[in-house]
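Here's the structure, in structure tokens; my notes come after.
In the numbering used here, the protein residues as written are -5 to 424.
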């Protein structure tokens, strides 16, 4: 049983959209501090507060819990417009109850980043990788490493903010006018917009990294929540079909200043099947009626574009790779109920690459494009899982399915999602 003094991390072990938010909400309720340490609004999740559901992309999961410290650390890239809207929405609804602190170091996604994404999409298309979704995330990260980014701290110094916007747009407007044949962005108009939106952020801008260090020393209960999934990591994922940042557990060190030897439990989240948003390699992809069944039942549609996600069977080699890369101690298995009603279930246990059996994904090479899945089949079940409140009440086929995943992964499954409703989940205590 989790206690308030534990440090936990929730990490995605697939290609994102694993359902991290529900277990994060459960653990956040038992934690003193909840920390976002990387990513952007691609970390979209739903919270349930006062009987209503709210969709958030930036604010930590515990934002609606009284007495929590909710931190957005410097590794998070903030869309100024979106995060302002989130704060306004929750404040007006009366559910922003936690103490929120936003790092001075957070880089800001501004209008010119989004415009560049749109224009790049005309040339490259929007399916080459995951950064070109007109959200500006990739271009903001590019500016960060080119040392021309605008950060949250600049909102506190209007004179410096104005100068920086003029300097950046002197470069960006050259792209817009001379390369793309577009109108330039007015620096004064963007400056006014930043001041207006910045009013929502300024009361919360501070040094959350110091709060993390203090909370660790006081042995408080801390939850670090990651966005996206391990297979989308810019270094260790299926490049170039990745996000422009790290989505591994190690990102918490750079993103928050956390010491590398800080003790914590890392919980990997995986669906009972696989999905993918982009056009990258997908060994277990299905295009059959079963895929349509899983997609519709699991509501597998992109939260940004509402495009249908690609759907396939659970990929054990990829899961084991993510477990290794993140140092995962335990698994949360989500959307198990989506498989209800399928007569024969499949789980990929290895890859066949040119007649050679492989059990480790080749993320850096071409093997993933040529690999064919080696499947283990399981008998399905038809019982409704949503009413189960004890592991012993689950159908034998479900227990065998979970046991197989545990044996292959080498770590325990501690939580299973059994239905779309918020309370339809089972915490397996060991």
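Note that beta-carbon positions come from the ideal geometry of N, C-alpha and C, so glycine has one too.
All of these numbers come straight from a predicted model, not from anything done at the bench.
Euclidean distance between Cα positions of residue 447 and residue 167: Nothing can be reported for residue 447: it is not among the residues displayed for the chain, which extend from -5 to 424.
Stretch pair the segment 219 to 237 + the segment 170 to 184: three plus CB contacts closer than 8 Å: Segments in contact, no.
Closest Cα partner of residue 371 within the set 327, 418, 319, 309: Nearest C-alpha to residue 371: 309.
Between the CA atoms of residue 294 and residue 302 - distance to the nearest angstrom: Rounded to whole angstroms, residue 302 and residue 294 show a C-alpha spacing of 6 Å.
Segment limits, beta strand (DSSP E) that includes residue 98: For residue 98, no beta strand (DSSP E) encloses it, and the DSSP letter there is neither H nor E.
Cβ neighbours of residue 55 in the same chain (closer than 7 Å, five flanking residues each side left out): Setting aside the 5 residues that flank it on each side, residue 55 is surrounded in the same chain by 15, 18, 19, 22, 28, 39, 41, 219, each with a C-beta closer than 7 Å to its C-beta; the list follows chain order.
Residue 171 classed as buried or exposed, judged by whether at least 16 other C-beta atoms fall within 10 angstroms: It is exposed - the Cβ of residue 171 has fewer than 16 other Cβ atoms within 10 Å.
Given residue 36 as reference, the closest of 208, 240, 165 once Cα atoms are compared: For residue 36, the closest alpha carbon among the candidates 208, 240, 165 is that of 240.
The segment 71 to 85 touching the segment 96 to 112, judged by at least three CB pairs closer than 8 Å: The segment 96 to 112 and the segment 71 to 85 touch, with three or more beta-carbon pairs separated by less than 8 Å.
C-alpha gap between residue 61 and residue 86, whole angstroms: In a straight line, the C-alpha of residue 61 is about 19 Å away from that of residue 86.
Per-residue burial, residue 276 [other beta carbons within 10 Å of its own, 16 or more giving buried]: The residue in question, residue 276, is buried, as its Cβ has 16 or more Cβ neighbours within 10 Å.
Proximity winner among 252, 2, 319, 332, relative to residue 289 (alpha-carbon distances): Residue 289 has its Cα closest to that of 332, out of 252, 2, 319, 332.
Residue 272, buried or exposed, once every other Cβ within 10 Å from all chains shown has been counted against 16: Residue 272 is classed as buried because its beta carbon has at least 16 other beta carbons within 10 Å across all chains shown.
Proximity below 8 Å, CB of residue 202 to CB of residue 66: With respect to residue 66, residue 202 sits close: the two C-beta atoms are nearer than 8 Å.
Cα-Cα separation, residue 368 to residue 343: If I take the Cα positions, the gap works out to 6 Å.
For residue 63, the nearest candidate out of 30, 46, 101 (CA to CA): For residue 63, the closest of 30, 46, 101 by C-alpha to C-alpha distance is 30.
Straight-line gap, residue 185 to residue 90 (C-alpha atoms, nearest Å): Across the structure, residue 185 and residue 90 are spaced so that their CA atoms are roughly 27 Å apart.
Under the three-state DSSP convention, the category residue 235 falls into: Residue state, collapsed to three classes: coil.
Pair within 8 Å by beta-carbon distance, residue 323 and residue 260: Yes.
Cα-Cα separation, residue 328 to residue 264: Between the alpha carbons of residue 328 and residue 264 lies a gap of roughly 6 Å.
Own chain partners of residue 406 with C-beta closer than 8 Å, once the 5 adjacent residues on each side are dropped: 324, 325, 400, 422, 424.
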